[in-house]
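Student:
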Amino acid sequence: MIANSFPSNYLSAYFLSSFHFYELAMLAGVSDASFEDLIKFAMLVLFYQFEDVSRPDIIHIGAIFSFGTVNGRVAKIAMNAAVEDVNSDPKILGGRKLNLSMHDSNYSGFLGIIGGLQYMETKTVAIIGPQTSGMAHVLSHLANELHVPMLSFTALDPMLSPLQYRYFVQTAPNDLFQMTAIADMVSYFGYREVIAVFSDDEQGRNSIIALGDKLAERLCKISYKAVLSPESLASPDQIMKELVKITLMESRVIVLHAYAQIGLQVFEMAHKLGMMESGYVWIATTWLSTVLDSTPVSGDAAKSLQGVLTLRPHTPASERKRAFSSRWNKLSNGSIGLNPYGLYAYDTVWIIANAVKSLLDYGGVISFSNNSQLNGYEGGALNLGALSIFDGGEQLLRYILQTNMTGLAGHIAFSNPFRYIIHPSYDILNVIGKGNKKIGYWSNHSGLSVVPPEILYTKAPNRSSSNQQLYSVVWPGQTTVKPRGWVFPYNGRQLRIGIPYRVGFKDFLSEDENNNTVHGYCIDVFLAAIKLLPYAVPHKFVLFGDRQKNPSYTELISMITSNVFDAAVGDIAIVTNRTKIVDFTQPYIDSGLVVVAPVQKLKSSAWAFMRPFTPLMWGVTAAFFLIVGAVVWILEHRMNDEFRGPPKKQFITILWFGFSTMFFAHRENTVSSLGRMVLIIWLFVVLIINSSYTASLTSILTVGSFAENYLREELNIAKSRLVPLGSPEEYADALERGRVAAVVDERPYVDLFLSTYCRFQIVGQEFTKSGWGFAFPRDSPLAVDMSTAILMLSENGELQKIHDRWLNKKNCGLQGSEQDSDQLQLKSFWGLFLICGIACFLALLVYFCSILRKFKRHLPEQSEPSCRSSSRSIRIQRFLSFVDEKEEESKNRLKRKHLEVLSDSHVQELQLPSGTKRNEAGIFPEGHDSSTYFN
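FYI, in UniProt numbering the residues of the sequence shown are 1 to 935.
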């Protein structure tokens with residue numbers, strides 16, 4: 001049990017001593033029993049020796065800082081106070097003392113590394129620091145090898161990953177969260193581009209990379225990175241040169257992430273350059289709040305900081321914090337003020353002390369062993385062989401990461417897997433006068449808020465844009481009006497706005513050759529929108545084209561990306577391919593492709609439903625409804641009760657049955673084969689007529705960008721079939737001469753064309769939806785402001801007035817003639833009607849032949865009357881009565897009559913001589929049976 005807890009070097013000493021004891025005992029003739037007692041005594045001596053080494057009275061920790069810096073000075077006082085408090089409480093380390101050694105790196109990364117090596121030679125269990133991320137990257141490799149935990153509250157580089165630097169722990173919020181807070185602020189105020197000014201070291205570069213990523217998530221970006229040499233290497237000339245560059249740029253939102261010494265110089269020179277006046281937005285990282293909290297600011301320095309926004313790590317109020325703040329003046333002798341990093345320094349010492357306490361309480365040891373990888377490096381000036389591995393380092397690291405306590409800075413715990421301090425949050429400060437005003441908070445829980453984060457932690461997280469809130473800001477220039485955040489780059493020239501030179505449709509764009517000005521509908525809309533902007537936009541129009549034909553609009557747009565033009569104004573359609581390379585404003589006029597043909601436009605009316613068919617077509621269709629009704633009535637009348645009755649009822653049945661087939665709503669059943677044949681053929685004709693009517697009516701009543709490309713690329717129409725036309729005159733000439741069947745163009749052009757040329761009209765629907773807009777470079781803030789201005793023009797009616805002034809030319813009167821081109825002619829359906837007519841004729845022919853045969857067979861000739869005309873009329877009457885008579889009644893009547901005839905013949909046969917029978921007149925020749933006539 002004891003041996004298992006010994007380090008390897010003590011175990012080897014134990015076995016060596018046992019062997020020597022055994023040799024001496026044998027030489028002295030000591031018995032085995034006495035030897036066992038001797039061994040026990042030796043083990044006891046070694047155990048107490050090991051206890052003295054593994055549980056020393058003094059526990060060494062180190063600190064590496066530049067103690068000439070603000071944070072270095074504050075941290076030194078706070079760490080000494082923490083060590084004093086730990087040592088004054090015997091419950092913490094059980095009477096052992098914590099010894100803190102401090103190494104001043106004096107702004108030098110090299111000296112910081114030397115200090116780290118010295119600590120690792122002198123049995124140090126943990127190191128606080130280093131102060132900068134550059135040293136942290138190097139020393140963390142040593143800590144990984146020698147198992148010495150390093151805790152830093154100032155080296156907050158987002159790239160110091162625990163996956164790579166296992167023994168490095170950040171005890172203050174990582175800069176990733178600070179950059180997230182800045183990105184939220186930029187988005188909250190509505191800015192889209194920022195300029196980043198930062199020191200060119202690991203923490204500066206990596207933090208700005210993180211800022212760029214967070215801005216991109218909010219559709220913002222860093223437009224320029226002004227890189228300054230780190231710490232004392234940055235010269236005033238270099239700072240001035242970068243600031244002058246910034247003054248010539250578009251963005252006026254500047255994020256300054258630097259050390260205090262450099263940051264104050266930047267603000268001083270920016271003030272001299274007029275960059276602290278209205279129009280600018282400055283956001284400084286936590287370095288500025290640290291300076292304001294800890295050092296007095298002179299009058300000149302205060303003037304250069306007015307209106308600046310800065311962040312400060314949020315530390316919730318508590319009784320312990322108030323007590324320590326009251327104690328601070330005594331600790332510092334009034335030499336420097338307390339800032340949040342002093343609180344983190346104090347808490348970091350306590351994190352180590354509590355972890356050491358847990359290590360010792362749970363049987364851990366504080367011992368060091370040689371690193372076998374350094375064998376052969378002993379001696380020499382560096383004496384690398386003296387570097388030893390902390391045997392309890394991994395266990396101590398585990399207890400550090402399990403920290404869960406309340407310190408001066410608030411609740412302290414580490415989240416997995418990145419080991420960030422939980423609940424990172426910041427105060428957002430606005431520098432006013434010689435002090436600052438708190439305008440809100442930022443927390444990783446709910447973003448921007450005017451409610452303290454510790455209250456928000458009790459509620460569900462809410463990062464919605466409507467929940468983001470800050471108090472009002474006093475901006476640079478002592479104004480409460482939010483700066484626009486950008487200006488036109490000051491490069492000595494006006495904005496170059498490309499204008500397509502059109503050879504046709506000059507109401508949209510044209511040049512006045514007398515005074516070399518440009519005017520038209522598009523120009524008036526642009527100028528009206530410019531007037532609504534809260535700032536001046538110096539510009540000049542540059543015509544683009546060869547003045548012989550309309551220019552390529554795609555080429556015009558591409559010239560914006562190549563910086564030939566700063567914008568493009570004109571009849572420019574907003575299409576997908578163009579939006580990939582430039583930004584468009586809100587459309588100022590709707591557009592879409594339509595087809596124009598040489599036809600007259602119909603006016604919509606209450607009788608529009610009559611348009612699909614010509615009058616002849618309507619007449620023939622109505623006649624066939626009546627004919628088919630009559631034919632089916634004839635075919636069904638003698639055998640179908642539904643087609644019988646009084647004459648009035650039968651007439652109505654004919655009308656109802658015929659016209660109800662239009663909707664397939666007839667309720668009368670057909671029982672005859674001929675009737676069913678006629679009805680099936682007719683229903684097929686009705687189906688075709690109904691479908692054609694519906695399609696034609698839809699086409700006529702539906703109110704209907706990009707002509708050539710759309711027709712070629714989307715509709716796959718060969719280029720050889722397309723004829724380019726560029727003016728209203730060419731449209732009219734081509735349509736009248738028949739060179740083209742139709743003209744396809746955007747709606748605004750077509751409307752202007754039809755306002756003058758009344759012989760043409762739009763045919764069919766408008767296909768594709770688009771609009772015209774003004775083009776600007778990608779991410780140009782002017783595009784957003786111009787879109788807002790166009791919406792304002794639309795809302796106040798000015799946009800419609802401009803439209804009416806240029807495009808509302810009603811030169812054509814109302815057209816009263818009927819449109820024939822969209823109507824369905826009889827010739828389109830004469831085949832169907834012919835088939836139906838032939839079917840009706842054949843059905844009637846067969847029917848009448850059958851009726852005549854039955855009439856002659858079942859109604860024998862009567863004696864002719866004296867008057868021949870009277871005989872003919874009687875026959876017609878008898879025929880009509882036979883036709884009108886129900887077939888079943890006719891058969892029954894004939895059957896009764898036949899029976900009567902047979903009965904009379906039988907009586908007469910009894911009175912005649914044998915061998916004679918009655919013929920048709922009453923006497924039949926012998927050998928003929930009267931029944932043969934009634935088969």
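Each residue gets a CB set at the ideal place from its N, CA and C atoms; glycine is no exception.
If you follow the beta strand (DSSP E) that Gln261 is part of, which residue opens it and which one closes it?
Tutor: Counting from 1 along the sequence shown, the entry for residue 261 is found at position 261. Here Gln261 belongs to no beta strand (DSSP E); instead the alpha helix (DSSP H) covers 260-272.
Student: Give the DSSP-derived three-state secondary structure of Asp200 in the structure shown.
Tutor: Locating residue 200 in the sequence shown gives position 200, counting from the first residue. It is coil, neither helix nor strand.
Student: Please state whether DSSP places Ala742 in a helix, a strand or coil.
Tutor: Your numbering for residue 742 matches position 742 in the sequence shown. In the structure shown, Ala742 sits in coil (DSSP, three-state: anything other than H, G, I, E or B).
Student: Could you give the residue range of the beta strand (DSSP E) that holds Gln170?
Tutor: Taking the first residue of the sequence shown as 1, we reach residue 170 at position 170. Run containing Gln170: 168-170, per the beta strand (DSSP E) assignment.
Student: Tell whether a beta-carbon distance below 7 Å holds between Leu359 and Ile77.
Tutor: Walking along the sequence shown from the start, residue 359 turns up at place 359. Walking along the sequence shown from the start, residue 77 turns up at place 77. For Leu359 and Ile77, no; Cβs fall outside 7 Å.
Student: Using CA coordinates, which residue listed in Asp590, Leu387, Leu791 is at the minimum distance from Ile114?
Tutor: As a working note, residue 114 is residue 114 in the sequence shown. The candidate whose alpha carbon is nearest that of Ile114 is Leu387.
Student: Going by C-alpha to C-alpha distance, which of His147, Met276, Asp347, Val450 sits closest to Phe368?
Tutor: Within the sequence shown, residue 368 is the residue found at index 368, counting from 1. Nearest option by C-alpha distance: His147.
Student: By a C-beta neighbour count over all protein chains shown, 10 Å radius and 16 as the cutoff for buried, is Glu394 buried or exposed?
Tutor: Counted from its first residue, the sequence shown places residue 394 at position 394. Glu394 comes out exposed.
Student: Which same chain residues end up closer than 6 Å to Lys437 when comparing Cβ atoms and leaving out the 5 residues on each side of it in sequence?
Tutor: Taking the first residue of the sequence shown as position 1, residue 437 is located at position 437. Only Asn430 meet the Cβ criterion.
Student: Using the rule of at least 16 other Cβ atoms within 10 Å of the residue's Cβ for burial, across every protein chain shown, is Glu636 buried or exposed?
Tutor: Taking the sequence shown and counting its residues from 1, the one referred to as residue 636 is at position 636. It is buried - the Cβ of Glu636 has at least 16 other Cβ atoms within 10 Å.
Student: Across the segment 334-342 and the segment 291-303, are there enough close Cβ pairs to call them in contact, namely three or more that are closer than 8 Å?
Tutor: Touching, yes, given that three or more Cβ pairs across the two stretches are closer than 8 Å.
Student: Alpha carbon to alpha carbon, what distance is there between Val743 and Ser278?
Tutor: Position 278 of the sequence shown, counting from 1, holds the residue named residue 278. Position 743 of the sequence shown, counting from 1, holds the residue named residue 743. For Ser278 and Val743, the distance between alpha carbons rounds to 55 Å.
Student: Taking Trp442 as part of the beta strand (DSSP E), name the residues at either end of that continuous run.
Tutor: Taking the sequence shown and counting its residues from 1, the one referred to as residue 442 is at position 442. Looking at the DSSP string, the run of the beta strand (DSSP E) that includes Trp442 is 435-443.
Student: If you count every other CB in all the chains shown that lies within 10 Å of the CB of Glu766, and 16 or more means buried, which is it?
Tutor: Within the sequence shown, numbered from 1, the residue matching residue 766 stands at position 766. Per the 10 Å Cβ criterion, buried.
Student: Just to check my reading of the structure: His228 and Phe198 have Cβ atoms closer than 8 Å, yes? What is that Cβ distance to the nearest angstrom?
Tutor: Within the sequence shown, the letter at position 228 stands for residue 228. Within the sequence shown, the letter at position 198 stands for residue 198. Reading the sequence as shown, one finds Leu at residue 228 and not His. Sure, about 7 Å apart at Cβ, within 8 Å.
Student: Taking only the alpha-carbon atoms, compute the straight-line gap between Ala529 and Gly773 and give it to the nearest angstrom.
Tutor: As a working note, residue 529 is residue 529 in the sequence shown. As a working note, residue 773 is residue 773 in the sequence shown. Taking the straight line joining both Cα atoms gives about 12 Å.
Student: Any idea what DSSP makes of Met185, helix, strand or coil?
Tutor: Position 185 of the sequence shown, counted from the start, is the residue given in the question as residue 185. In this structure, Met185 counts as helix in the three-state DSSP scheme.
Student: Exposed or buried, residue 943, counting other C-beta atoms within 10 Å across all chains shown (16 or more means buried)?
Tutor: Only positions 1 to 935 of the chain appear in the structure, and residue 943 is not among them; the question remains open.
Student: Does the distance from the CB of Ser66 to the CB of Tyr107 come in under 7 Å?
Tutor: Sequence index remark: in the sequence shown, residue 66 carries index 66 (1-based). Sequence index remark: in the sequence shown, residue 107 carries index 107 (1-based). For Ser66 and Tyr107, yes; Cβs fall inside 7 Å.
Student: For Val631 versus Cys840, is the C-beta distance shorter than 7 Å?
Tutor: Residue numbering aside, residue 631 sits at position 631 when the sequence shown is read from its first letter. Residue numbering aside, residue 840 sits at position 840 when the sequence shown is read from its first letter. Against a cut-off of 7 Å, the Cβ pair of Cys840 and Val631 comes out as a contact.
Student: Quick one: what does DSSP say Ala25 is sitting in, helix, strand or coil?
Tutor: What you label residue 25 is simply residue 25 of the sequence shown in a count that begins at 1. Low confidence applies here, because Ala25 scores a pLDDT of 49, under 50, leaving its location unreliable and the question unanswered by this model.
Student: Apart from the five residues just before and just after Phe15, which ones in its own chain have a Cβ nearer than 8 Å to its Cβ?
Tutor: On the sequence shown, position 15 is the one that residue 15 refers to. At Phe15, the pLDDT of 40 sits below 50, so the modelled position is not reliable and the matter cannot be decided from this model.
Student: Report all residues from its chain with a CB closer than 8 Å to the CB of Ile876; omit the five preceding and five following residues, and keep chain order.
Tutor: Residue numbering aside, residue 876 sits at position 876 when the sequence shown is read from its first letter. Here the set comprises nothing.
Student: Nearest-angstrom Cα distance between Asn354 and Ala284?
Tutor: By 1-based counting over the sequence shown, the position of residue 354 is 354. By 1-based counting over the sequence shown, the position of residue 284 is 284. Each residue's Cα considered, the two are about 35 Å apart.
Student: Measure the C-alpha to C-alpha separation of Ala270 and Ile557 and round it to an integer number of angstroms.
Tutor: Looking up residue 270 in the sequence shown gives position 270. Looking up residue 557 in the sequence shown gives position 557. Using only the alpha carbons, I get a separation of about 37 Å.
Student: Could you spell out the range, first to last residue, of the beta strand (DSSP E) harbouring Ala63?
Tutor: Start at 1 with the first residue of the sequence shown, and residue 63 comes out as number 63. Taken as a continuous stretch (DSSP letters only), the beta strand (DSSP E) holding Ala63 covers 58-65.
Student: Put Ser153 into one of helix, strand or coil per three-state DSSP.
Tutor: Start at 1 with the first residue of the sequence shown, and residue 153 comes out as number 153. In the sequence as displayed, the identity of residue 153 is Phe instead of Ser. Of the three classes helix, strand and coil, the one that applies to Phe153 here is coil, per DSSP.
Student: Quick check: Ser289 and Glu202, are their CB atoms within less than 7 Å of each other?
Tutor: Position 289 of the sequence shown, counting from 1, holds the residue named residue 289. Position 202 of the sequence shown, counting from 1, holds the residue named residue 202. The answer is no: Cβ separation not under 7 Å.
Student: How about Ile92 and Ile352: are their beta carbons less than 7 Å apart?
Tutor: As a first step, residue 92 must be located in the sequence shown, where it is residue number 92. As a first step, residue 352 must be located in the sequence shown, where it is residue number 352. Their beta carbons are not under 7 Å apart, which means Ile92 does not touch Ile352 by this criterion.
Student: Who pairs with Tyr280 in a beta bridge, going by DSSP?
Tutor: Taking the sequence shown and counting its residues from 1, the one referred to as residue 280 is at position 280. Note: Tyr280 sits in no beta bridge, so no partner.
Student: By how many angstroms is the C-alpha of Leu264 removed from the C-alpha of Asp237?
Tutor: Stepping through the sequence shown from its first residue, residue 237 is reached at position 237. Stepping through the sequence shown from its first residue, residue 264 is reached at position 264. Distance between the alpha carbons of Asp237 and Leu264: 15 Å.
Student: Is any heavy atom in the ligand SAM found nearer than 6 Å to the beta carbon of Asp213?
Tutor: The ligand SAM is not part of this structure, which contains no ligands at all.
Student: So the candidates are Ile182, Met559, Val750; which of them puts its Cα closest to the Cα of Val308?
Tutor: Locating residue 308 in the sequence shown gives position 308, where the first residue counts as 1. Closest option to Val308, Cα to Cα, is Ile182.
Student: Please determine, among Asp89, Thr180, Val740, Phe189, the residue with the shortest C-alpha to C-alpha distance to Ile209.
Tutor: By 1-based counting over the sequence shown, the position of residue 209 is 209. Ranking the options by Cα distance to Ile209, first place goes to Thr180.
Student: In chain order, what residues of the same chain have a beta carbon less than 7 Å from the beta carbon of Ile499, not counting five sequence neighbours either side?
Tutor: Numbered from 1 along the sequence shown, position 499 holds the residue referred to as residue 499. Result list for Ile499: Leu509, Val518, Phe541, Val542, Leu543, Phe544, Val569, Gly570, in chain order.
Student: In this structure, does DSSP put Gln178 in helix, strand or coil?
Tutor: Position 178 of the sequence shown, counted from the first residue, corresponds to residue 178. In this structure, Gln178 counts as helix in the three-state DSSP scheme.
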